[in-house]
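The block underneath contains the structure these notes are about, expressed in structure tokens.
Protein chains in written order, with my numbering: chain A, 1 to 115; chain B, 116 to 226.
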């Protein structure tokens with residue numbers, strides 16, 4: 001099992017609320033990622049980071065923001081949740097030293113429902 | 116159109132039987148192809164990686180193949196077990212950083 005943790009596992013909130021999804025890894029990986037996963041669809045990259053103070057937007061247009069103040073921590077924040085944000089959010093990390101052949105290590109996800 | 120297509124979308128087999136999952140891709144330039152297993156309620160876990168020079172690679176009861184000329188890969192599961200029930204996701208890397216995900220094959224193994 002990979003040492004990458006996401007909290008909470010499940011979250012149900014009302015429209016307009018601000019939320020933060022937590023992701024932490026203990027492997028010392030420089031690269032971290034947030035993906036959105038919907039049933040029957042491919043994973044979509046929302047944000048990524050190649051190290052402390054480095055954050056980039058991914059392919060999927062998102063109203064979320066991320067921060068990377070510490071290597072091990074990569075939280076994702078939604079300032080104002082909407083029903084369209086209902087989805088599964090997966091955090092992942094990867095070793096920089098192992099190059100392009102290193103695998104993604106995923107957390108178990110946060111299932112977000114916005115009512 | 117997704118650059119990584121997987122088939123079938125879903126599959127139900129009897130315990131002990133073999134099955135083969137397909138992944139076709141158009142991603143170029145190709146760097147590597149990885150198969151992940153995702154159990155319900157969990158994150159994906161890497162099963163195996165195929166690089167350009169590899170044709171076949173085994174990991175226990177899982178055997179992956181790659182035909183870089185036709186841009187096809189398969190994942191063969193031998194003597195299936197109930198614990199093999201999961202989604203299997205094919206991921207192709209383009210160059211150094213870009214990943215392209217398939218939509219997965221949902222495998223159900225029944226007793």
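Glycine included, C-beta positions come from ideal geometry on N, C-alpha and C. Here the structure is a predicted model, which is why all the values come from computation and not from measurement.
Run of the beta strand (DSSP E) containing residue i, from where it starts to where it stops
i: residue 182 (chain B); result: 177-182
i: residue 187 (chain B); result: 187-192
i: residue 116 (chain B); result: Neither: residue 116 (chain B) is in no beta strand (DSSP E) and is coded neither H nor E.
i: residue 215 (chain B); result: 213-216
Residues that residue i contacts on chain B, provided the C-beta gap is smaller than 9 angstroms
i: residue 109 (chain A); result: 156, 157, 158
Secondary structure of residue i, DSSP reduced to three states
i: residue 60 (chain A); result: coil
i: residue 197 (chain B); result: helix
i: residue 29 (chain A); result: coil
i: residue 147 (chain B); result: strand
i: residue 101 (chain A); result: helix
i: residue 84 (chain A); result: helix
i: residue 41 (chain A); result: coil
i: residue 17 (chain A); result: coil
i: residue 109 (chain A); result: coil
i: residue 207 (chain B); result: strand
i: residue 68 (chain A); result: coil
Best match in the options for proximity to residue i [C-alpha to C-alpha]
i: residue 176 (chain B); options: B:144, B:134, B:117, B:120; result: B:134
i: residue 182 (chain B); options: B:193, B:168, B:195, B:153; result: B:168
i: residue 153 (chain B); options: A:108, A:115, A:9, A:60; result: A:108
i: residue 99 (chain A); options: B:217, B:208, B:200; result: B:208
i: residue 141 (chain B); options: B:197, B:217, B:171; result: B:217
i: residue 70 (chain A); options: A:3, A:4, A:7, A:28; result: A:28
i: residue 96 (chain A); options: A:40, A:50, A:105; result: A:50
i: residue 173 (chain B); options: B:130, B:150, B:159, B:224; result: B:150
i: residue 86 (chain A); options: A:10, A:6, A:5; result: A:10
i: residue 22 (chain A); options: A:5, A:112, A:12, A:36; result: A:5
i: residue 164 (chain B); options: B:180, B:118, B:194, B:156; result: B:180
Cβ neighbour criterion (16 or more within 10 Å) applied to residue i
i: residue 219 (chain B); result: buried
i: residue 59 (chain A); result: exposed
i: residue 211 (chain B); result: exposed
Where residue i meets chain A, residues with beta-carbon distance less than 7 angstroms
i: residue 117 (chain B); result: 42
i: residue 147 (chain B); result: 100, 101
Neighbouring residues, chain B, relative to residue i (Cβ below 7 angstroms)
i: residue 90 (chain A); result: 158
Residue i: contacting residues in chain A (beta-carbon distance under 8 angstroms)
i: residue 218 (chain B); result: 40, 41, 42
9 angstroms Cβ cut-off: residues of chain A touching residue i
i: residue 180 (chain B); result: Within 9 angstroms Cβ-Cβ: nothing; residue 180 (chain B) doesn't reach chain A, min ~18 angstroms.
i: residue 188 (chain B); result: By Cβ distance, chain A contributes nothing, its closest Cβ being about 15 angstroms from residue 188 (chain B), past 9 angstroms.
i: residue 211 (chain B); result: 99, 100
i: residue 135 (chain B); result: Neighbours of residue 135 (chain B) on chain A: none; closest Cβ ~21 angstroms, over 9 angstroms.
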